[in-house]
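In the order they appear, the protein sequences are chains A and B.
Start counting the first sequence at 3; every next residue gets the next number (the numbering used here).
Start counting the second sequence at 166; every next residue gets the next number (the numbering used here).
We put the CB at the ideal spot given by N, CA and C, even for glycine.
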Amino acid sequence: MVNYIYLAILFPMFGFLFNGIFGHKIKNEKIIGIIGSGTVGISFVISLVTFFQLINLPPDQRSVAVNLFSWLNIGSLHINFGYLVDPLSITMSLIVTGVGFLIHVYSIGYMHGDKGFWRFFSYLNLFIFAMMNLILGDNFVVLFLGWEGVGLCSYLLIGFWYDRKFEKGTVSQAAKKAFIVNRIGDFGFLLGMFLIFLTFDSLNFKEVFLRANSFPVSETTFSFIALFLFIGAAGKSAQIPLFIWLPDAMAGPTPVSALIHAATMVTAGVYMLSRTAIIFVSAPVIMNLVAVIGLLTAFFAATVGLVQNDIKKVLAYSTVSQLGYMFLAAGVGAFSASIFHVMTHAFFKALLFLGAGSVIHSMHEEQNIQHYGNLKKYMPVTYVTFTIAAFAISGFPGLSGFFSKDEILWNAYSKGNWIFWIIGMATAMMTAFYMFRLVSLTFLGTERFGHDHHPHESPKLMTVPLSILAVLSVIGGYIGIPAVISGEGGNKFEEFLKPVYENAERKLSSFSNDSHFEEILLMVFSALLAMAAIYFAYYVYTRKNEIAEKTSKAFKGIYTLLFNKYYIDELYETIIVKPIQSVSEKFLWKFTDNKIIDGAVNGTGTMISKSSSIFRKFQSGVAQFYAIVMMVGIALALFWIIISL
Amino acid sequence: MYNIPIEFYLVLSAVMFAIGVTGVLIRRNAIVIFMCIELMLNSANLTLVAFSSYLGNSIGQIFVFFVMTVAAAEAAVGLAIIIAIFRNKLNVNIDEMNIFKW
C-alpha cells in the first residue's frame, strides 16, 4: 500500500478536473459536494492505511521512497518525480487530508447557494493535490511544485469572491497581496534550492541530507542555504517581516481560512524547516534567528490580537502567533514539538475558524464581535465546540493545545534560555485572554445585534465536522504526552518522528536539561497562568465591561498602536510600495517604456519611412534613368580599376 | 598589302560604342534606341574581328557569328515589344513608358 501512496495525490486531482470541467454544467450541489469531499476522504483513507503499514515496520525502515518517473535529466541534474513516505510526511498528510476532508464536508453546507459552488470545490481539491505534493515529494523540486501550487490556490481562494469589497480595498487586492508577498518568500526558497544543488550536486532529500552529514561544507554555506530556506518558510508561514498577507487573506470564504490559512498551507514553512532540519542544525546562527523571529512573531501578533474586533482578524493574528510558536520550537531544535503543534493547531484552529464561519453564516456576514453577544442561546453546538477549541488553544490542562504548547515552552526553556520561556509564556497568557474575549463577546453577555438578525444553528453538514474536530481538539494531545507524565512509554509522537531527525539531533549537541522537577513546575505554572487569563477575560467581558473601556482609554497610545496593527501595513506602504510605484511610474513607465522602448520602436519605423522617401525617388520607372545610373556605375567602376592599376 | 594598325580599329569601335551609348541615353524614340543598341553590338563585333585578325586567331570571328545570331533574335523580340508599345500608346516614346516602378 505504501507504494500506492500516489493514489492519495491523484484522487484530489481527479476531483479538481471533474468539478472544474463538468461542475458548471452539473449545477447539482450534491454531486459536486460528494465528488469534492469524497476524493479527499479517499485520500485520507489511503493515508491512514499507509500510516498503519508504516508503524508495522521497524523504526529504521520507516522511510520508503516511491519513484514514479524520471522528470528532468540535464547534465548532472537528475530529478525523479517521486514521493517519500516517512513518519513526518505521513503525519502531515494525515493532518491535511483528515482536516481537509472535514472542511470539505463543512463547505457543502457553508457554500450552499453560492453561484461559484463548483469553482470553490475544484479549487479546494486542487489545493489538496498541491499540498500533498508539497508534503510527500521526495526532492526539493516536487516540494517546490506543491509550494507554488498551494500559493496559487491560496490566491484563487482568497480572491474567490472577487467582486466584493474588503476593508479599504477589494478582495482581489487582498488576493494579490498574498500572492506577491508569497513570491518574495518563494524567491528565497528558490535561491536556497540553487545553493543546495551547487553545494551538494543533488536535489533529492535523501542524498542531500546524507551529503550534508558527510561533505566538508563550511558553516557559512550552510548559513546561507538555511537563511534562504528560512526566507521561503517565513513567506509561506507568515513570519515577521512577511506576515502581512495572512490577516488580509481573511477576505476569502471562511472554510478557506480554516483549511489554507490556519490548518495546512501556512504550516508548509514549518514542515519545510523540519524536513531540512539537518541543514538548519548545521547553521546555529540561523537557528537562533529562526527562534528569535518565531518568538517575536508570536508575541507581536498576540498583542495585536488583543484588541481586534473582527472575529476572523483575531483568529488570523492568533494563527500568526501560533505559527511563531512553531518556528520557536524549530529554532531551538525541537522539531518534533513543532510538528506536534502543527497537528494540534490544525485541529483547534480549523475548529475555531469553522465555528467563526458558522457564526458569520447565521449573522449574515456580520464579522464585528462588538455586534454579537449571547449567541449560545441560538447556536449551542457552535458555542460548545468553539469554546472547547478556545480552551485547547489557551492551553487548558488536558486538552491538546496544553501538551503541544507546553512541549514547545519546555523546549524553549531547556534548549534555549529563560527569556524565550518568559516571552512565550506571556504570549500564551495573551492567547488565552483574547480567545476568551472572543468567546465572551460572541457567545456570552448581552445581545448587541439588531432585531433584524435572527441567528440560528447551522445545518448538520456544518455542525458534525465541528463536533468531530472538537473531539480531536480534546484527545489530539494524548499521542504526545511528555515522558514526565506518561512515564515509561515516553513521548509516543516524538518517538514516531525520531528517525527523521536522527542525524539532525546527533549534530545538535545542545545542552539538554532533563530535570523532571522543573518541567512539571513550569507545566503547572503555565497551566495556572492560562486559567487565570481565561477567567480574567471572562470576568472583564461578561461582568465588568467598563474595565476594558477604562484600560483602553488609560493606554490610548498603546491601544491605537495595537488596533492599527503597529502600522506595519502603512509602514510597508510608505517605504516599499510607494517608492516602487513611483519608480515604476516615473522611471520605468514614463521614461524607460515611453521614451526608450517606444522611442526605439517608433524611431526605427520613422527612420525607415524617412529614408525610403528619399530612396523611392531613384525608382522613377523610366528605363533610361536606370540606364544612366548603370552607366555612371560602370564608369566609376572602370575608373576605380584604372586608378588602382 | 598595306596593314592598318590595330589602334585604328579600336578607336573606331570606341567611337561607335560611345555614339551608341549616348543614343540609348538621350533619345526618346524606341526605334532609334534600338538602332543605337545595334550600333553598340556592332562596335563590339568590330573589336572582336580586329583582334582576331591581329592575333591570327579565329576564335574572335566565331564569337562574332554568335553575337550576330543573338542580335538577330533580339531584333525580332525588340521590334515585337516596340509594336506592342505602339499599340498601347500610339507612339514609341520611351519616357512615357514609366510603369517600371510597379
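With fewer than 16 other Cβ atoms from the protein chains shown falling within 10 Å of its own Cβ, residue 234 of chain B counts as exposed.
Less than 8 Å separates the beta-carbon of residue 89 of chain A from that of residue 501 of chain A.
Looking at the DSSP output, residue 76 of chain A sits in a beta bridge with A:79. Interface residue (Cβ-Cβ distance to chain B less than 8 Å): residue 624 of chain A is classified as such.
With a threshold of 16 other beta carbon atoms within 10 Å, residue 288 of chain A meets it and is buried.
Chain-order list of chain B residues neighbouring residue 629 of chain A: 189 and 190, by C-beta distance under 7 Å. For the alpha helix (DSSP H) assignment, the uninterrupted runs of no fewer than 4 residues enclosed by the stretch 483 to 546 of chain A are, from N- to C-terminal side, 485 to 488, 494 to 509 and 518 to 540.
Residue state for residue 117 of chain A is assigned as coil, using DSSP reduced to three classes. At least one C-beta of chain A is nearer than 8 Å to the C-beta of residue 186 of chain B.
Contact between the stretch 341 to 360 of chain A and the stretch 278 to 287 of chain A is absent, with fewer than three C-beta pairs closer than 8 Å. In the structure shown, residue 238 of chain A adopts helical secondary structure according to DSSP, grouped into three states. One thing to note: residue 159 of chain A has its Cβ within 8 Å of the Cβ of residue 254 of chain A. Straight-line spacing of the CA atoms in residue 127 of chain A and residue 339 of chain A works out to 29 Å.
In this structure, the alpha-carbon of residue 237 of chain B lies about 22 Å from that of residue 223 of chain B.
Look at residue 633 of chain A: its C-beta is under 8 Å from a C-beta on chain B. Residue 529 of chain A and residue 319 of chain A have their C-alpha atoms some 22 Å from each other. The residue from B:190, B:169, B:179 and B:205 with its alpha-carbon nearest to that of residue 626 of chain A is B:190. Of all residues in the stretch 232 to 262 of chain B, those with a C-beta nearer than 8 Å to a C-beta of chain A are 259, 260 and 262, reading in chain order.
Residue 313 of chain A places its beta carbon 8 Å or farther from that of residue 241 of chain A.
Within the DSSP bridge table, the entry for residue 263 of chain B names no partner. Proximity of the stretch 267 to 286 of chain A to the stretch 201 to 214 of chain A meets the contact definition, three or more beta-carbon pairs being nearer than 8 Å. The alpha-carbon of residue 254 of chain B is positioned some 11 Å away from that of residue 260 of chain B.
Proximity of the stretch 563 to 579 of chain A to the stretch 427 to 435 of chain A falls short of the contact definition, fewer than three beta-carbon pairs being nearer than 8 Å.
At a cut-off of 8 Å between C-beta atoms, residue 202 of chain B does not count as an interface residue with respect to chain A. In the structure shown, residue 561 of chain A falls within a helical segment according to DSSP collapsed to helix, strand and coil. Segment contact: the stretch 69 to 88 of chain A against the stretch 212 to 226 of chain A, fewer than three CB-CB distances shorter than 8 Å; contact not assigned. Remark: three or more beta-carbon pairs, one from each stretch, lie closer than 8 Å, so the stretch 394 to 401 of chain A and the stretch 472 to 482 of chain A are flagged as touching. The beta carbons of residue 17 of chain A and residue 38 of chain A sit closer together than 8 Å.
Note that the stretch 267 to 278 of chain A does not touch the stretch 357 to 369 of chain A; fewer than 3 beta-carbon pairs, one per stretch, sit closer than 8 Å.
For residue 250 of chain A, the uninterrupted alpha helix (DSSP H) segment begins and ends at 247 to 250.
The Cβ-Cβ distance between residue 147 of chain A and residue 95 of chain A does not fall below 8 Å. In summary, residue 322 of chain A is buried, with 16 or more beta-carbon neighbours lying within 10 Å of its beta-carbon over all protein chains present. Looking at the backbone, the Cα of residue 75 of chain A and that of residue 204 of chain A are separated by about 12 Å. The DSSP-derived three-state label of residue 172 of chain A is strand. Inclusion of residue 567 of chain A and residue 306 of chain A in the CB contact set at 8 Å is warranted, their separation being smaller than that value.
Only 198 from the stretch 195 to 221 of chain B bring a Cβ to less than 9 Å from some Cβ of chain A.
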